[in-house]
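Accompanying notes for the structure given below.
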Amino acid sequence: MKSLDEIEPRTPLVDGAAGVSIGGLNVITISEAGSYYLTGNHATSGTHGIVVSSDNVTIDLRGHTISRGSGAVFGSGVYLNNISNVRILNGIIDDTDLNNGVFFGGTVGNVEVRNVIVRNTAVGGIILPLNTPSAVYESTVASATDTGIQAALIVGCNASATGVALQGGTVRTSNGVSFGANGIDAANVFESVGITAVGVGIQATKMITNSQGTSADGDGINGAMVVNSMGISNGGDNAANGIDADHVVASNGTSTSGHGILATNIGQSSGISTSTADTHDGISGDIVTASYGSSTGDDGIHALTVG
Numbered sequence: 002m003k004s005l006d007e008i009e010p011r012t013p014l015v016d017g018a019a020g021v022s023i024g025g026l027n028v029i030t031i032s033e034a035g036s037y038y039l040t041g042n043h044a045t046s047g048t049h050g051i052v053v054s055s056d057n058v059t060i061d062l063r064g065h066t067i068s069r070g071s072g073a074v075f076g077s078g079v080y081l082n083n084i085s086n087v088r089i090l091n092g093i094i095d096d097t098d099l100n101n102g103v104f105f106g107g108t109v110g111n112v113e114v115r116n117v118i119v120r121n122t123a124v125g126g127i128i129l130p131l132n133t134p135s136a137v138y139e140s141t142v143a144s145a146t147d148t149g150i151q152a153a154l155i156v157g158c159n160a161s162a163t164g165v166a167l168q169g170g171t172v173r174t175s176n177g178v179s180f181g182a183n184g185i186d187a188a189n190v191f192e193s194v195g196i197t198a199v200g201v202g203i204q205a206t207k208m209i210t211n212s213q214g215t216s217a218d219g220d221g222i223n224g225a226m227v228v229n230s231m232g233i234s235n236g237g238d239n240a241a242n243g244i245d246a247d248h249v250v251a252s253n254g255t256s257t258s259g260h261g262i263l264a265t266n267i268g269q270s271s272g273i274s275t276s277t278a279d280t281h282d283g284i285s286g287d288i289v290t291a292s293y294g295s296s297t298g299d300d301g302i303h304a305l306t307v308g
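308 is the number that my numbering gives the last residue of the sequence shown; the numbers go up by one with no jumps.
Below, the structure written as structure tokens:
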């Protein structure tokens, strides 16, 4: 049986190895295509922990941690510089004096991050471009000061952040908790949970399916098409809705300060408003079919057509 190195030859990230250089501040630079692995925990005193400046690179952190050494300049645990076809796997980036866990500069495409944990960064967690192929799988960001995870595709991830927790083209089977912005902000959201103290629980420009959005200060869910989902707004002093969308199907929306559901077309759904204001309905829309609405202050269902 062939060994892993025979199937895919791998290079240790040590000074002098092919394609590897380590500067005086302990910054690892990868300058050749290949598969590399970290041999132990790595503390950098330079701007970044690892700089990737070549296409077609795989980095296996092997469960080790990248952190800041004494006197480090703010930077990133792993920095991608004008490259494509890069994979970053299986490790931890942890330090309040690193700006970002994974970050990029210039034109970057076809990047995958998988099974990486980022903790306590001063700015962002895992930040990849939205307009080129990029994906983050089964990764966690805890306590990012700005955006938690940003990528074209986010799957099986968890993030907590002061900014947007999860920002992507498509977010699937993931959880985002924000303390100062949207829990999830994407084009499409599937089987996910977004929670926020300030902002929208889940905001999507296209589709939200089988998901739950909760906000303490804004809409629970805000999107174009919402299917089989739940939006909860505890809007406080703000008039916010459980679900605010164009089309809502088979979903539930509740609000303490606005409409339970506000949409153009609503079917097979339930909307509840406990607001005492006489302008907040359980369900408010143009066409409402096969749905239930209840309001403390105004109409249970307010619509042009009810069927």
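Every residue gets a Cβ at the ideal spot worked out from N, C-alpha and C, and that includes glycine.
Indicate the three-state DSSP secondary structure (helix, strand or coil) for residue i in the structure shown.
i    : result
R69  : strand
S175 : coil
P13  : strand
N42  : coil
V165 : coil
D186 : strand
T275 : coil
F180 : coil
V28  : coil
I84  : coil
E113 : strand
N57  : coil
D282 : coil
A251 : coil
Express the C-alpha separation of residue j and residue i in angstroms, rounding to a whole number.
i    : j    : result
G70  : T45  : 5 angstroms
N176 : G214 : 10 angstroms
G268 : V117 : 41 angstroms
V178 : A166 : 6 angstroms
G149 : G301 : 38 angstroms
L305 : G286 : 7 angstroms
L39  : S68  : 13 angstroms
I155 : G169 : 7 angstroms
A182 : H303 : 30 angstroms
F75  : A225 : 39 angstroms
D247 : N82  : 40 angstroms
S85  : S22  : 20 angstroms
I51  : P10  : 20 angstroms
Between the options, which lies nearest to residue i when the distance is taken from Cα to Cα?
i    : options                   : result
G20  : R11, E33 and L14          : E33
G184 : G219, A153 and G157       : G219
T255 : I244, F191, M208 and Q204 : I244
V289 : S276, G170 and A251       : A251
N239 : N223, I222, A217 and N253 : A217
E192 : V228, V199 and G221       : V228
Would residue i be called buried (16 or more neighbouring beta carbons within 10 Å of its own) or exposed?
i    : result
R173 : buried
L129 : buried
G126 : buried
G110 : buried
N132 : exposed
T141 : buried
R63  : exposed
G308 : exposed
TODO: Mind listing, in chain order, the continuous beta strand (DSSP E) runs of no fewer than 3 residues lying wholly within the region 189-246?
DONE: DSSP runs (the beta strand (DSSP E)) wholly in the region 189-246: 194-197, 203-210, 213-216, 222-228 and 231-234.
Open item on the list: Extract the residue ranges of the beta strand (DSSP E) inside the region 115-144, only unbroken runs of 3 or more that lie entirely within it.
Closed with: 125-128 and 135-138
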